Structures are given as structure tokens and as C-alpha cells.
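Engineer: Our numbering applies: residue 27 is where the sequence shown begins, and numbers increase by one. All C-beta atoms, glycine included, are put in the ideal place defined by N, C-alpha and C. Quantities reported herein were computed from a predicted structural model and do not represent experimental measurements.
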Amino acid sequence: MAEIALEKSWLSVLEKEFTKPYMIGLKSFLQEEKRAGQLIYPPADSIFRAMNITPFDRVKVIILGQDPYHGAGQAHGLSFSVPNGVPIPPSLKNIYKELIEDVNIRQPMSGDLTSWAKQGVLLLNSTLTVRAGQAGSHQKKGWEQFTNTIISKLSTDRQGLVFLLWGAYARAKKELIDQSVHFILESAHPSPFSAHTGFLGSKQFSKTNELLLSVNKTPIDWEVQT
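#1: State yes or no: is the C-beta of residue 211 nearer than 7 Å to some heavy atom of the ligand PLP?
#2: Output yes or no for whether 8 Å exceeds the beta carbon distance between residue 140 and residue 79.
#3: If you pair each beta-carbon of the stretch 212 to 226 with each one of the stretch 151 to 170, do three or more pairs fall below 8 Å?
#4: For residue 86, count neighbouring Cβ atoms within 10 angstroms of its own Cβ and tell me buried if that reaches 16, exposed if not.
#5: To which residues of the same chain is residue 129 closer than 7 Å at the C-beta, ignoring the five residues directly before and after it?
#6: What is the DSSP secondary structure of residue 133, reduced to helix, strand or coil?
#7: In the DSSP output, which residue or residues are listed as bridge partners for residue 147?
#8: With DSSP run on the structure shown, which of helix, strand or coil describes residue 203?
#9: Entirely within the stretch 36 to 121 and at least 3 residues each: give me those beta strand (DSSP E) ranges in chain order.
#10: In this structure, does DSSP put residue 28 in helix, strand or coil?
#11: Measure how close the beta-carbons of residue 137 and residue 118 come, nearest whole angstrom, since I'm counting them as under 8 Å.
#12: According to DSSP, which residues form a beta bridge with residue 190?
#13: For a quick check, are the C-beta atoms of residue 169 and residue 152 less than 8 Å apart?
#14: Between the alpha carbons of residue 171 and residue 242, how many angstroms are there, rounded?
#15: With residue 156 and residue 93 assumed to form a contact (beta carbons below 8 Å), what rounded beta-carbon distance in angstroms separates them?
#16: Is the CB-CB distance between residue 58 and residue 66 below 8 Å?
#17: Can you have a look at residue 239 and say buried or exposed, based on whether 16 or more other CB atoms are within 10 angstroms of its CB?
#18: Which same chain residues, not among the five before or five after residue 76, have their C-beta less than 8 Å away from its C-beta?
#19: Residue 207: buried (16+ other C-beta within 10 angstroms of its C-beta) or exposed?
#20: Quick one, which of 188, 53, 191 and 83 has its alpha-carbon nearest residue 70's?
#21: Give every residue of the same chain whose Cβ lies closer than 6 Å to the Cβ of residue 82, excluding the five residues on either side of it in the sequence, and list them in chain order.
#22: Grouping DSSP H, G and I as helix and E and B as strand, with all else coil, what is residue 197?
#23: Let me know if residue 49 comes out buried or exposed under the rule of 16 or more other beta-carbons within 10 Å of its beta-carbon.
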């Protein structure tokens, strides 16, 4: 993992993590998975894609996911996002449904959220890899400590960020965030199992832009560009 290029501003913040025992153990685990012939998503060059597209000093909004998608061709290193041409997953369909109602965007034809990432939306999963077809298979191997460090560093070293915490798993990360200098917007998860219990109608996207404007930051253009 350490051999994979990491954007320079993130490397300056996270370099020490790669020498810690938990990260060395995680690297060994991933190497063993590869030796055992396991197919891992996303591809190795996309594991750190969220950070590589959204530099540390340009982050304005954080959308926290849990695992990468575990289906073929879906995961590409951005939470909730899939590459252009891949069918839009159910949770993302609900995200789009809320966007259309909330900020009146056009119906997106693609599930690729790279255009958000380029504007400063860090699309961060808590676990950055997964075994093909096995949801949660790389949880509790060290990724959570790494991504918790990312959240903590953003909290301590930046100001006026908007954290979108959808569902119980993401909401548990509140303890890592200094709410005296950052904003937190919570809702149910956009999954079909829970979207109707508090995600749909929550206006997460217009509220995010209002908060960004309140601290003199440029709002996000939520139109999905392909």
C-alpha cells in the first residue's frame, strides 16, 4: 500500500501511519489475500482515489460510507460512486432522488461522482477494500483506524467542514469531529431499507451549501458531470 502514490498534501498528513503496526498488519493481510487468489475491490490504483482526487487542503465536505461495493466493476475508490456505464446502485438512486427534490438537479445518467470529488467532496469509505462478493470481508483489519485518523486530522487541522453522516455506522464517527469548528448533518442511510425513515426529505445537499456559504466557501454544484 505504501508503494501506491498518495497525493502530496495527504502524504504529509498520513505518512507516519504507514509505519505503524496496524498498517503493517493490514498490508500483510492484503498481501495474503492476493497470494490466496482472492479478487479484491477496488483495483489497487484506486484504493486511495478519494484522497488523490480531493487534496487535504481542498476538502470542504465529507460523505462517509462503510465498505466499497463488492460487485464486479462497481468500486472505484469513492463512497457511493460507481464508474460511468455501471448500473446505478440502490442507495445512489435514493441519493439522486433526494438531490432532484432538494436542489432540482437533472436526473443523472451516470453513477460516477468524480465531479463532486473534484470540488472538494471527500467521498470516504471507512474500509477501503473488500473481497469480491463478500460485503464486510475487510472490516476490522486496520482500515478503520486509518480512516478514523483521516477524519480526526480533518477535524483538528481544518475549519468549517461539513460532515454528512448517513446511518448509524457513519453517525458513530461524531466523536472524532470537533463540532465547535465543524458542521455535522445527520440522517438515515440512503439504502432502500432506511431511506424513507429520514434520508428522503432531509435536504442534506441544500443545507450543506448553506453552511458552506456561511463560512465564505463556494457551494457545491451537485449536478453529476460525466
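Structural biologist: Reading it off the structure:
#1: In terms of ligand content, the structure shown is empty, and the ligand PLP therefore cannot be addressed.
#2: Remark: C-beta atoms of residue 140 and residue 79 approach each other more closely than 8 Å.
#3: They do not touch, by the three-pair rule.
#4: Buried, because 16 or more other Cβ atoms sit within 10 Å of the Cβ of residue 86.
#5: If we look at residue 129 and ignore the five residues flanking it on each side, its Cβ neighbours are 231, 232 and 248.
#6: Correct three-state label for residue 133: coil.
#7: Bridge partners of residue 147: 87.
#8: Under the three-state reduction of DSSP, residue 203 is assigned to coil, being neither helix nor strand.
#9: Runs of the beta strand (DSSP E) lying entirely within the stretch 36 to 121 and spanning at least 3 residues, in chain order: 87 to 91.
#10: Low confidence applies to residue 28: its pLDDT is 43, below 50, so where it sits in the model is not reliable, and the reading given next is rough at best. Looking at residue 28 - three-state DSSP - the assignment turns out to be coil, as it is neither helix nor strand.
#11: Confirmed, Cβ separation roughly 5 Å.
#12: In the DSSP secondary-structure assignment, residue 190 is bridged to 89 and 211.
#13: Yes, the Cβ-Cβ distance between residue 169 and residue 152 is below 8 Å.
#14: About 32 Å.
#15: With a contact defined as Cβ atoms closer than 8 Å, residue 156 and residue 93 qualify at about 5 Å.
#16: Not in contact: residue 58 and residue 66 (Cβ atoms no closer than 8 Å).
#17: The residue is exposed, with fewer than 16 neighbouring Cβ atoms inside 10 Å.
#18: 103, 104, 105, 143, 148, 149, 150 and 151.
#19: Answer is exposed; the Cβ neighbour count stays below 16.
#20: For residue 70, the closest C-alpha among the options 188, 53, 191 and 83 is that of 53.
#21: Closer than 6 Å at Cβ, skipping near neighbours: 35, 36 and 39.
#22: Looking at residue 197 - three-state DSSP - the assignment turns out to be helix.
#23: Residue 49 comes out buried.
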